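Going by this note's numbering, the letters in the sequence shown line up with residues 112 to 444, in that order.
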Amino acid sequence: MRAMVLERPGTPLKMRESPQPAPGAGELLIAIKACGVCRTDLHVVDGDLPQPKLPIVPGHEIVGRVAAIGAGVTGFAIGERVGVPWLGATCGHCPYCRGGQENLCDTPFFTGYTRDGGFASHTIADARYCFPLGEIGDDAEIAPWLCAGLIGWRSYRMATEGARAGDDFALGLYGFGAAAHILAQVAIWQGRRVYAFTRAGDSTAQDFARSLGVVWAGASEEVPPEPLDAAIIFAPVGALVPLALKAVKKGGRVVCGGIHMSDIPSFPYALLWEERKVMSVANLTRDDAREFLAIAPKAGVHCTVTRYPLDKANEALADLRDGRLQGAAVLIP
């Protein structure tokens, strides 16, 4: 197998070849067809996230085919198309796992961070955390669903809790990248009014957002035409929190959808007063995945992707880091 390996944070990934692994009990060997490049991969590579397994193969938006099945695995067939997300395994017995919050497991494994991921031709995955994908849709266009879509969906459910589809609801999305461009399509399908916030002067991203049907697109520092019911921050920029609080109405929610964010600056209590809430999203549950993977085709979610060969993983990461692409980057082994 071939893999792009991170040997030390802050250094380029290196192509490595090794014998094709065999799945152990409860595992699948997956021949990878596409793997999305997520901002969390950047945080792993750049050293923003502490204590990764090293060396590590990044990547956790994996679409592939079952190549071998380990002992004790049922429900999968050789050649079946499956997806592998960020949540690679949980303990199943800590208070969080027992309480239906496996996303907060005390001793989890994360794909592409604490176990090898998808910047490779093959990977081993815990079968319990893999999802059948069926045969509809292009591998590369589905790959971003496995994190950008899933984390976006969990963030969206938190932001809209208590509101029904079709209710009068204004939603702001700060940082219009892979997650936001997926989530905007779902929210619009459900009848929400979506407002897109980008870096000042990024007319390309704003035009891209408008092409997907948002009602307004502008700079993060701008005040939207109406107060928002909720806002989701996908950009890893702590300074956006007070801006989003300023944009939401009384009782509104600001959901931070990233695994890493720069420090949040101090802000006047008046921005938080009137029962506004600031919340974070951590990881995902398998129920989140099942819900989103069922809804995305109904909503007609289409991912805009830029494809890169596997050996161009460093180029894909650089383009994502510098904001040189719209939608998502995807590696093709």
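The C-beta atom is built at its ideal place from N, Cα and C for all residues, glycine as well. For clarity, every value in this text was computed on a predicted model and none was experimentally measured.
Check, Outcome
"Which residues bound the beta strand (DSSP E) around residue 138?", "138–148"
"With H, G and I counted as helix, E and B as strand and the rest as coil, what does DSSP make of residue 208?", "helix"
"Does DSSP put residue 333 in a helix, a strand or coil?", "coil"
"Quick one, which of 136, 145, 134, 162 has its alpha-carbon nearest residue 117's?", "162"
"Measure the CB-CB distance between residue 395 and residue 294 and report whether it falls below 7 Å.", "no"
"Would the beta-carbon of residue 207 be found less than 6 Å away from any heavy atom of the ligand FMN?", "Of ligands this structure carries none, so the ligand FMN is not represented either."
"Residue 251 and residue 359: beta carbons closer than 7 Å?", "no"
"Alpha carbon to alpha carbon, how far is residue 413 from residue 280?", "23 Å"
"Please classify residue 292 as buried or exposed, where buried requires at least 16 neighbouring CB atoms within 10 angstroms.", "buried"
"Cutting at 7 Å between CB atoms, please list the residues of its own chain near residue 215, excluding the five before and the five after it.", "207, 393"
"Using CA coordinates, which residue listed in 197, 191, 257 is at the minimum distance from residue 225?", "197"
"From residue 146 to residue 140, what distance separates their C-alpha atoms?", "15 Å"
"In chain order, what residues of the same chain lie with their CB nearer than 8 Å to the CB of residue 112, ignoring the 5 residues before and after it?", "128, 129, 130, 131, 132, 231, 232, 233"
"Please go through the stretch 151–229 and give each complete beta strand (DSSP E) segment of 3 or more residues, from N-terminal end onward.", "172–180, 192–195, 198–200"
"Can you tell me which residues form a DSSP beta bridge with residue 441?", "147, 418"
"Answer yes if the stretch 340–353 comes into contact with the stretch 253–273, meaning at least three C-beta pairs across the two stretches below 8 Å, and no otherwise.", "yes"
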